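Counted the way numbering that gives the first Met the number 0 counts, the sequence shown spans residues 0 to 245.
The C-beta atom is built at its ideal place from N, Cα and C for all residues, glycine as well.
Remember, it's a predicted structure, so these values are computed and weren't measured experimentally.
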Amino acid sequence: MLVGRTVWLTRPAGRSDALIGLLRRQGGVVAEVPVVRVQPAGDATPLDQAACDLTSGAYDWVAFTSSGAVGALSTRIAGAGGFPEEVPVAAVGPATAAAVRGAGGRVALVSRVATAAGLAEDFPSGDGRVLFCAAAGASHDLQRGLEAKGWTVDRVEAYRVVPEKRSADEGRLLLERGVDVVVFHSAGAVDAFRALWGSPPDRTAVCCAGPVTAGAAELAGLRVDSVAERPDAETVASAIARAVRG
0 MLVGRTVWLT RPAGRSDALI GLLRRQGGVV AEVPVVRVQP AGDATPLDQA
50 ACDLTSGAYD WVAFTSSGAV GALSTRIAGA GGFPEEVPVA AVGPATAAAV
100 RGAGGRVALV SRVATAAGLA EDFPSGDGRV LFCAAAGASH DLQRGLEAKG
150 WTVDRVEAYR VVPEKRSADE GRLLLERGVD VVVFHSAGAV DAFRALWGSP
200 PDRTAVCCAG PVTAGAAELA GLRVDSVAER PDAETVASAI ARAVRG
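1) Can you have a look at Asp224 and say buried or exposed, based on whether 16 or more other CB atoms are within 10 angstroms of its CB?
2) Given a cut-off of 7 angstroms on the beta-carbon distance, is the pair Ile76 and Thr44 in contact?
3) Nearest to Arg10 by alpha carbon, out of Trp60, Gln48, Gly67?
4) With burial defined as no fewer than 16 other Cβ atoms inside 10 Å of the residue's Cβ, what is the status of Ser17: buried or exposed?
5) Under a three-way DSSP split, which group does Glu16 fall into?
6) Can you pull the DSSP bridge partners for Phe183?
7) Looking at C-alpha atoms only, which residue of Ser110, Val86, Arg165 is the closest neighbour of Ala129?
8) Using only CA atoms, which one of Ala30, Leu21, Val37, Ala134 lies nearest to Ala62?
9) Quick check on the DSSP output: what are the complete beta strand (DSSP E) runs of length 3 or more inside the region 98-125, in order along the chain?
10) Are there 16 or more other CB atoms within 10 angstroms of the CB of Pro199, so buried, or fewer, so exposed?
11) The alpha helix (DSSP H) with Val69 in it runs from where to where?
12) Between Gly125 and Ala107, what straight-line distance do the alpha-carbon atoms span, to the nearest angstrom?
13) By the DSSP assignment, the beta strand (DSSP E) with Glu156 in it spans what residues?
14) Does Leu323 pass the burial test, meaning 16 or more other C-beta atoms within 10 Å, or should it be called exposed?
15) Are the CB atoms of Ala115 and Thr151 nearer to each other than 7 angstroms?
16) For the beta strand (DSSP E) that contains Glu228, what are its first and last residues?
17) Assign Val2 to one of three DSSP states: helix, strand, or coil.
18) In whole angstroms, give me the CA-to-CA distance for Ala328 and Ala30.
19) Helix, strand or coil: which one does DSSP assign to Arg36?
20) According to DSSP, is Arg165 part of a helix, a strand, or is it coil?
21) Out of Ser73, Arg111, Val112, Ala186, which one is the CA nearest neighbour of Arg105?
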């Protein structure tokens, strides 16, 4: 189905290796041109303090809504032995849960729906402290949902996503040659794409990884042709194939 079709992956370089392999095995032509890049939070002090508090037993739970936040926190606590075994971790979806396990954390809850609101819905009620590590500008749905269930939530900015302006010329040439599908994994990628090139051409299908990203794309005025309910490579590849068929 993807033979000869060009698929533009907009994630930061190195984040889509499994997906690239799947698409190429299906005959797709993959263009990995990042529209965003990940950089450290502007002020690392709150994250450093949260890491210190976590390893000293101040938190009852840790919650993540992205694998990027897992990586940012795990590097801070590595020298103190990593994630405390007695502290359960809640993750938004299987991809984030896999990142937690890879960093040595104990995953006690994976949301059935891979959104911040879905994780808040599945989270138990309680009255302790939760460390919520997130990207700058991430949704406040999880924090509000947990506070409504009685928890005290310390939200800490773990990293930020910024436009990858160095890709501007490469992306422009790619659009001029023709792209069959452009794939977005985050609202930040949608915003960065529009800032650099506007909307994709009518002939280019739009595929979004997750309903939150799809909602952001639609809010930005893009036509969304398919949505992957989960961000894993197999589910996203299936959504790309549906976009091509559409």
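If we stick to the structure as given:
1) Counting Cβ neighbours within 10 Å, Asp224 comes out buried, since at least 16 surround it.
2) no
3) Gly67
4) Checking the sequence shown, residue 17 turns out to be Ala, not Ser. Under this definition Ala17 is an exposed residue.
5) The sequence shown places Asp at residue 16, rather than the Glu named in the question. In this structure, Asp16 counts as helix in the three-state DSSP scheme.
6) Cys207
7) This sequence places Val at residue 129; Ala is not what is there. Nearest of Ser110, Val86, Arg165 to Val129, Cα basis: Val86.
8) Ala134
9) 106-109
10) buried
11) Start and end: 66-76.
12) 15 angstroms
13) 151-162
14) In the structure as shown, the chain begins at 0 and stops at 245. Residue 323 is therefore absent and cannot be evaluated.
15) no
16) Unbroken run through Glu228: none, as it is neither H nor E.
17) coil
18) Only positions 0 to 245 of the chain appear in this structure, which leaves residue 328 out of reach.
19) Residue state, collapsed to three classes: strand.
20) helix
21) Ser73
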